[in-house]
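For our numbering, add 20 to where a residue sits in the sequence shown, where the first one is 1.
Glycine residues also receive a C-beta, built at the ideal position from the N, C-alpha and C atoms.
Written below as structure tokens is the structure these notes are about.
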Amino acid sequence: MIIEWPEFRKMALKLIDGGYIPIFGEMNEQLEEVVIECIFVSKNTGKKSMTLLINSTGGWNLTYAAIKAAMIESGLEFNGLVMGRAFSNAFNLLQQCDTRSAVEDASLMFHWGNSRLGNQELAALIAGETWPVEHALAIELMTAEQVSRRTGLSVEKLKEFALYERSFTAQQAFEMKFLDQVIRNLPKKVQQMLEDGKKDRKSKR
Numbered sequence: 021m022i023i024e025w026p027e028f029r030k031m032a033l034k035l036i037d038g039g040y041i042p043i044f045g046e047m048n049e050q051l052e053e054v055v056i057e058c059i060f061v062s063k064n065t066g067k068k069s070m071t072l073l074i075n076s077t078g079g080w081n082l083t084y085a086a087i088k089a090a091m092i093e094s095g096l097e098f099n100g101l102v103m104g105r106a107f108s109n110a111f112n113l114l115q116q117c118d119t120r121s122a123v124e125d126a127s128l129m130f131h132w133g134n135s136r137l138g139n140q141e142l143a144a145l146i147a148g149e150t151w152p153v154e155h156a157l158a159i160e161l162m163t164a165e166q167v168s169r170r171t172g173l174s175v176e177k178l179k180e181f182a183l184y185e186r187s188f189t190a191q192q193a194f195e196m197k198f199l200d201q202v203i204r205n206l207p208k209k210v211q212q213m214l215e216d217g218k219k220d221r222k223s224k225r
């Protein structure tokens, strides 16, 4: 998914009025900045709950951690709605929501997120240290344990899903307790808001 970040930010801020925050494309630093801004704009304008519109194959662990922390800090109630895909850290973000929904043709996948090694970590590995790997493993296992507590599935079962990159239909995900409900279509209000956003972008070209 190719995203023009200035336009994405404008669209995201408009969606706040309707109670929505988009999680689209790769979960990277640009998305992190926009989503966290939207969370606190929502809080500061008196919103009590927001819905995360999710269509993402996941991304960086640090981005997931930052968005999750902002969700907790805001004190808002969050609902997750999967429009297309919720893979890897997008799946993990969904599991942090108070309620979890998906349209019937959505796909979900538990998988490990992306870890970034900086110069310090690389220097440590070159020197024969193992702590960078141990740290990355600890983060992934902690996330798996959080998903396990939310869904009731064992960490070992989640490891198996990650190993084979198993994807689930919305109905299968519901049966696995990854979701609270499956809906036939996006709410008309969401469809209209996204369509209006497309028209705005086209009119400016």
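DSSP beta-bridge partners of residue i
{"i": "I74", "result": "I43 and V102"}
{"i": "M129", "result": "F107"}
{"i": "E57", "result": "Paired residues: none, contrary to the question."}
{"i": "N48", "result": "Bridge partners of N48: none, in fact."}
{"i": "S69", "result": "E97"}
{"i": "Q201", "result": "S121"}
Beta carbon of residue i nearer than 8 Å to that of residue j
{"i": "E154", "j": "R204", "result": "no"}
{"i": "A226", "j": "L73", "result": "Because the chain here runs from 21 to 225, residue 226 falls outside it and cannot be looked at."}
{"i": "M47", "j": "A110", "result": "yes"}
{"i": "S76", "j": "I36", "result": "no"}
{"i": "V167", "j": "L178", "result": "yes"}
{"i": "G104", "j": "T71", "result": "no"}
{"i": "G78", "j": "G133", "result": "yes"}
{"i": "K164", "j": "P152", "result": "What sits at residue 164 in the sequence shown is Ala, not Lys. No, the Cβ-Cβ distance between A164 and P152 is not below 8 Å."}
N- and C-terminal bounds of the alpha helix (DSSP H) containing residue i
{"i": "A158", "result": "W151 to T171"}
{"i": "R29", "result": "W25 to L35"}
{"i": "Q116", "result": "Careful: Q116 lies outside any alpha helix (DSSP H) and carries neither H nor E."}
{"i": "N81", "result": "N81 to S94"}
{"i": "L142", "result": "N139 to I146"}
{"i": "L206", "result": "Element bounds for L206: n/a, residue is neither H nor E."}
Element boundaries [beta strand (DSSP E), containing residue i]
{"i": "S235", "result": "Here the chain comprises residues numbered 21 to 225, so residue 235 is not present and cannot be evaluated."}
Closest Cα partner of residue i within the set the options
{"i": "A247", "options": "F60, D37 and K68", "result": "Because the chain in this structure spans residues 21 to 225, residue 247 falls outside the shown range and cannot be described."}
{"i": "A90", "options": "V54, G79, K179 and M103", "result": "V54"}
{"i": "K197", "options": "C58, Q115, L101 and A147", "result": "Q115"}
{"i": "A182", "options": "A190, N112 and K67", "result": "N112"}
{"i": "L101", "options": "G133, L206 and K218", "result": "L206"}
{"i": "L161", "options": "W80, V175, D200 and K30", "result": "V175"}
{"i": "T171", "options": "T189, A193 and R186", "result": "A193"}
{"i": "T119", "options": "Q212, L96 and N134", "result": "L96"}
{"i": "N81", "options": "S108, E93 and S62", "result": "S108"}
{"i": "Q140", "options": "G133, W132, N134 and E149", "result": "E149"}
{"i": "V210", "options": "K88, F28 and I41", "result": "I41"}
DSSP state of residue i mapped onto helix, strand, coil
{"i": "F188", "result": "strand"}
{"i": "N64", "result": "helix"}
Any non-hydrogen atom of the ligand COA closer than 7 Å to residue i Cβ
{"i": "F60", "result": "Absent from the structure shown: the ligand COA. Ligands present: none."}
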